[in-house]
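No gaps in the numbering here: position 50 of the sequence shown is 50 in my numbering, and each next residue is one more.
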Amino acid sequence: GFQSVCYGHAGDGNLHVNIVKGDLSDEAWKEEVPKAIREIFELTVSLRGTLSGEHGIGLVQRPYMDIAFSQVQLDLMRRVKEAFDPLGILNPGKVL
Numbered sequence: 001g002f003q004s005v006c007y008g009h010a011g012d013g014n015l016h017v018n019i020v021k022g023d024l025s026d027e028a029w030k031e032e033v034p035k036a037i038r039e040i041f042e043l044t045v046s047l048r049g050t051l052s053g054e055h056g057i058g059l060v061q062r063p064y065m066d067i068a069f070s071q072v073q074l075d076l077m078r079r080v081k082e083a084f085d086p087l088g089i090l091n092p093g094k095v096l
């Protein structure tokens, strides 16, 4: 299976979990990693953590936003980004 490497900022509680492919086949990696990420994020939210630290919501977290945010909250985030970045040129593809 795959392994994970955790690192972060002990002072402010930001932990970063990186999943390492290890000896998994490409097929197993594509199938198993999204499940593992969802489990990690569900556990994180259940422990009153968040999906992002100091870097904001990026490409990895985007498919899992439903774990932590309601549709109303997601719509509000999209509107805030559109207000400040109507052309979508600041940090393209990111939520905030």
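Where is the CB? At the ideal position from N, CA and C, for every residue including glycine. This structure is a prediction, so every number in the text was calculated from the model and none was measured.
C-alpha distance - residue i paired with residue j, whole-angstrom precision
{"i": "Asp66", "j": "Val72", "result": "11 Å"}
{"i": "Gly56", "j": "Val20", "result": "22 Å"}
{"i": "Ser25", "j": "Val80", "result": "40 Å"}
{"i": "Asp85", "j": "Asp75", "result": "15 Å"}
{"i": "Glu54", "j": "Asn14", "result": "7 Å"}
{"i": "Arg62", "j": "Phe41", "result": "11 Å"}
{"i": "Ser46", "j": "Asp23", "result": "30 Å"}
{"i": "Gly8", "j": "Val17", "result": "8 Å"}
Residue i, buried or exposed, once every other Cβ within 10 Å from all chains shown has been counted against 16
{"i": "Leu43", "result": "exposed"}
{"i": "Leu87", "result": "exposed"}
Neighbourhood of residue i by C-beta, 7 Å cutoff - its chain only, sequence neighbours within 5 removed
{"i": "Gly93", "result": "Leu59"}
{"i": "Glu82", "result": "none"}
Cutoff 8 Å; reference residue i; Cβ partners in own chain excluding five residues on either side
{"i": "Tyr64", "result": "Ile37, Arg38, Phe41, Leu51"}
{"i": "Phe69", "result": "Met77"}
{"i": "Trp29", "result": "Phe2, Lys21"}
8 Å Cβ cutoff, residue i in contact with chain B
{"i": "Arg78", "result": "Looking at the structure shown, chain B is missing, and only one protein chain is on hand."}
message: Assess contact between the region 31-45 and the region 2-17, defined as three or more Cβ pairs (one per stretch) separated by less than 8 Å. Is contact present?
response: yes
message: Runs of 3 residues minimum, wholly inside the region 21-84: which ones carry the beta strand (DSSP E) assignment?
response: none
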